[in-house]
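Numbering (my numbering), first residue to last: 19 to 207. Built from N, CA and C at the ideal position, the CB exists for glycine as well. Let me begin by presenting the structure, written as structure tokens, before commenting on it.
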């Protein structure tokens, strides 16, 4: 009997949509720029992170997941700047290449939600890889702090608590679905 993984339906829908809908290059580039604005905002809260990256200025980092790529250059200020495909378009052209090897979107989301690093294949400069790994280990976005600046401490705390509860419930649901599929016929209530 062929049993599909529990979240394969979500993955199938995701891949079906992404195969049929390819956003224009300009839209992809704009999304990448907005993503890097957020990443740079987080980096600016951590001077040590910016110092480490500033030592790598001018280096290029290319990240790949399924059919999506993001290439960035490290600025002299220790931040990231997006590189359009015309500036790096050749696979392997970055100083550091990171391929996220987890192809399932649902598994990748679950891994990230639990605070773990996804499985990654790495090629390129060892020192740059070590600095990027340090960033993943030590730089974290304090969302509540940013929300508190806008809405106040009490509101930020309440929103943060609600998000943490929702995250825990979602992870619990995913675990229950996996458990139900892994042991068919057993009662998981």
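Asked	Found
Where residue 62 falls, given that 16 or more other Cβ within 10 Å makes a residue buried	exposed
Host alpha helix (DSSP H) of residue 154 (start-end)	144 to 156
Coarse secondary structure for residue 85, derived from DSSP in three states	coil
Sequence-distant residues of its chain with Cβ nearer than 7 Å to residue 138 (five each side left out)	116, 117, 118, 119
Bounding residues of the beta strand (DSSP E) (the contiguous stretch that carries residue 117)	114 to 118
Beta-carbon spacing of residue 96, residue 55 below 8 Å	no
Bounding residues of the beta strand (DSSP E) (the contiguous stretch that carries residue 164)	Where residue 164 is concerned, there is no enclosing beta strand (DSSP E), although the alpha helix (DSSP H) it sits in stretches over 161 to 169.
DSSP state of residue 77 mapped onto helix, strand, coil	coil
DSSP bridge partner residues for residue 91 (one or two, in chain order)	78, 99
Span separating the alpha-carbon of residue 6 from that of residue 91	Only positions 19 to 207 of the chain appear in this structure, which leaves residue 6 out of reach.
Cβ neighbour criterion (16 or more within 10 Å) applied to residue 192	buried
N-terminal and C-terminal residue of the alpha helix (DSSP H) that residue 48 is part of	43 to 62
Range of the contiguous alpha helix (DSSP H) that encloses residue 137	Residue 137 -> no alpha helix (DSSP H), and no H or E assigned at all.
Nearest-angstrom beta carbon gap, residue 157 and residue 64 [assumed within contact, 8 Å]	5 Å
Between the CA atoms of residue 175 and residue 106 - distance to the nearest angstrom	42 Å
Beta bridge counterpart(s) of residue 141 as assigned by DSSP	115
Under the three-state DSSP convention, the category residue 124 falls into	helix
Beta-carbon spacing of residue 74, residue 155 below 8 Å	no
Residue 171 to residue 188 span [Cα, whole Å]	26 Å
Residue 93 versus residue 146 - alpha carbon distance	14 Å
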